[in-house]
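Enquirer: Numbers -23 to -1, 1 to 411, taken from mature numbering (1 follows the signal peptide of the UniProt record, and there is no 0), label the letters of the sequence shown in order.
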Amino acid sequence: MKQGMLQRLTIAASTVVIATTLAACGSETAAAPEEFQAPTELAEPGTDIPEVSVDAGFSPYADELLMVAGLNRGYFDEVGVSIAPEPYGIDTDLISSLTPLLNGQIDLGSGYAPAIVSQLDNVDTVVTFGIQDVFYGYRILAPEGKYQTLDDFMSAGDSYEEAVTKVLDQMKGQDVVLRDGVVPTFYNLIGEAGGSGLADWKVQYLANPDIVRTAQAGGVDFVSPTGAVEIVRLQGDGWEPLIDLRQVIENEPKEATASLRSTFSGYLTTRDYAEENWDTILRVTSVMYRLIDEIEADPEATAADFVDYVNSYTGSSLTAAELAQTFQGLYSVRNFEDASEFYLDQGSDFFFDEVAGAQIDELAEQGVIGDNHGPASLSIAGQVYEALVRYREEADAILADLPDGELKTAAQAQYDARNYLDAYRIAAAAAEQG
């Protein structure tokens, strides 16, 4: 497995360091871009789906490559999109570098929204257009059954703070292996809740693969890798979380965990491309939601359709079952209905404007970026989602009154595949024809 596999948290931290250095060198702060304006008029009715070629690049991380399953299953063909170069676009890592988007080498690709934030002063053209999942990577693992977990203590009646204290008491004075370069926010937060933490451990820092080898060799009882593959491997080998990010988010005050909740993975493009190719962006996003439905319904079968590419691209050796497992608790996807949590439900834990806004404000306070940025600088995903919701509502209204026939069947097929844009277009054309 390549050293950089699934290390988006390391990369995000590195971009902060780079951006801080640039700020210290006196780089000028760019003006925040004007807010993206999505089209307000509905697309023209039509029975054919236009065919377009899209230059793309998908990043070498397990969740970032889910779209490959869509290519293998022909879902892009069904919405008129061909990915170039064939068969899977170019090999590029938009988490470590946005250059392929900035120089026009690709039109869109998979990436990690938080990694853009520290670059907002210098990069104001790249935006997220679809959010696929959040990454629950932070956790402390120990041999299963050897120690009591947070769930054990809370099930016995302890409060969250009492349970954290007891979990961390087991670790005092013990060897604890963390990932080299890890941002300590998670460990500091549980340390504040439990009254002990990093200062009370004998901490060693290693790369994720080395953490796995050390744990498997029996040299240490407490480890905290942040790569999904490494976490899955250890948990499959009899390790369990003593405490993890999901539990912290569920029990800590929202304001305390805002930056930890900014772990959005999805798809990136440029403002210009989205403005000029709005319908293509909607169709690509529909494929994302179709695949999310399938990874939820049958994780292993869906993983089987892209695990070989994941392994060949990243140098890993996952089975389909192991890849599927990363989408069961580590990569937490949101289907179309549940995605309202990101864009519409302002009180939710992962409401994008709140969480991304907190991260932006945090970096602005640190002087990493200027104070003229907001969530609209980072993402148009909410506008894409709202457009799809509108097309679904329009399609619902027409399909309810449309008599059975070939066009209604075609419209319903697109609807069922989450392509609400063309479900509406075909249904509207059928209604016009009477």
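Yeah, the Cβ is synthetic: ideal placement off N, Cα and C, and Gly gets one too.
1. Check whether the region 131 to 147 and the region 284 to 299 are in contact - that is, three or more C-beta pairs closer than 8 Å.
2. CB Gln336 to CB Val103, shorter than 9 Å?
3. Could you give the distance in angstroms between the alpha-carbon of Ile403 and the alpha-carbon of Tyr362?
4. How close, in whole Å, do the beta carbons of Leu376 and Tyr397 come, if the pair is a contact with beta carbons under 8 Å?
5. Report the partner residues of Pro218 according to the DSSP bridge assignment.
6. Starting from Ile258, trace the alpha helix (DSSP H) both ways and give me its first and last residue.
7. What first and last residue would you give for the beta strand (DSSP E) that runs through Tyr182?
8. What's the C-alpha gap between Val159 and Asp25?
9. Taking Cβ to Cβ, would you say Tyr308 is nearer than 9 Å to Tyr113?
10. Rounded C-beta distance between residue 413 and Asp152? I'm assuming under 8 Å.
11. Measure the C-alpha to C-alpha separation of Glu299 and Val209 and round it to an integer number of angstroms.
12. Alpha carbon to alpha carbon, what distance is there between Gln96 and Thr(-3)?
13. Measuring CB atoms only, is the region 54 to 65 touching the region 255 to 267, in the sense that at least three cross pairs come out at less than 8 Å?
14. When the Cα of Pro16 is compared with those of Asp373, Gln389, Ile357 and Ala374, which residue comes out closest?
15. Which of helix, strand or coil does DSSP assign to Val29?
16. Gly86 and Ala33 - do their beta-carbons sit closer together than 9 Å?
17. According to the Cβ coordinates, are Ile346 and Asn312 closer than 9 Å?
18. Going by DSSP, name the residue or residues bridged to Tyr308.
19. If Ile72 and Gly88 are in contact, beta carbons under 8 Å, what's the gap, nearest whole angstrom?
20. Which one or two residues does DSSP pair with Val209 in a beta bridge?
21. If you measure between the beta carbons of Tyr182 and Arg156, is that distance less than 9 Å?
22. Looking only at its chain, what residues have a beta carbon closer than 8 Å to the beta carbon of Phe329, apart from the 5 residues adjacent to it on each side?
23. Quick test of your reading: Thr126 and Leu211, contact by CB under 8 Å. State the CB separation rounded to the nearest angstrom.
24. Using 10 angstroms around the beta-carbon of Ala405, count the other beta-carbons present and answer buried if the total reaches 16, otherwise exposed.
25. Which residue wins for smallest C-alpha separation from Gly411, given the options Gln389, Lys385 and Asp110?
26. With the cut-off set at 9 Å, would you say Val206 and Ser289 are in Cβ contact?
27. Give me the DSSP bridge partner(s) of Ala61.
28. Quick one: Cα of Gln391 to Cα of Met265, how far?
29. For Pro77, collect the residues of the same chain with a Cβ closer than 8 Å to its Cβ; drop the 5 residues on either side in sequence, then sort them by chain order.
30. Would you kindly work out how many angstroms separate the C-alpha atoms of Leu42 and Gln389, rounded to a whole number?
Expert: Let me lay it out:
1. no
2. no
3. 20 Å
4. Actually they are not in contact, since the Cβ atoms of Leu376 and Tyr397 sit about 11 Å apart, beyond 8 Å.
5. Leu118
6. Counting along the chain, Ile258 sits inside the alpha helix (DSSP H) bounded by residues Trp255 to Ala274.
7. Lys179 to Leu183
8. 50 Å
9. Yes.
10. In this structure the chain extends from -23 to 411, so residue 413 is not present and cannot be described.
11. 7 Å
12. Residue confidence is low: Thr(-3) scores 34 on pLDDT, short of 50, so the model does not pin down where it sits. Its coordinate-derived value is still stated next. Each residue's alpha carbon lies about 12 Å from the other.
13. Yes: the two stretches touch, three or more of their Cβ pairs being nearer than 8 Å.
14. Ile357
15. strand
16. For Ala33 and Gly86, yes; Cβs fall inside 9 Å.
17. Contact: no.
18. Phe112
19. 6 Å
20. Val209 is not bridged to any residue.
21. yes
22. Ile108, Phe241, Phe319, Tyr320, Pro352, Ser356, Ala358 and Gly359
23. Contact flag wrong, Cβ pair sits at about 15 Å.
24. By the 10 Å Cβ count, Ala405 comes out buried.
25. It is Lys385 whose Cα lies nearest to the Cα of Gly411.
26. No, they are not a contact pair.
27. Asp32
28. The alpha-carbon atoms of Gln391 and Met265 are separated by roughly 14 Å.
29. Gly34, Ile67, Thr69, Leu71, Ile83 and Gly86
30. 28 Å
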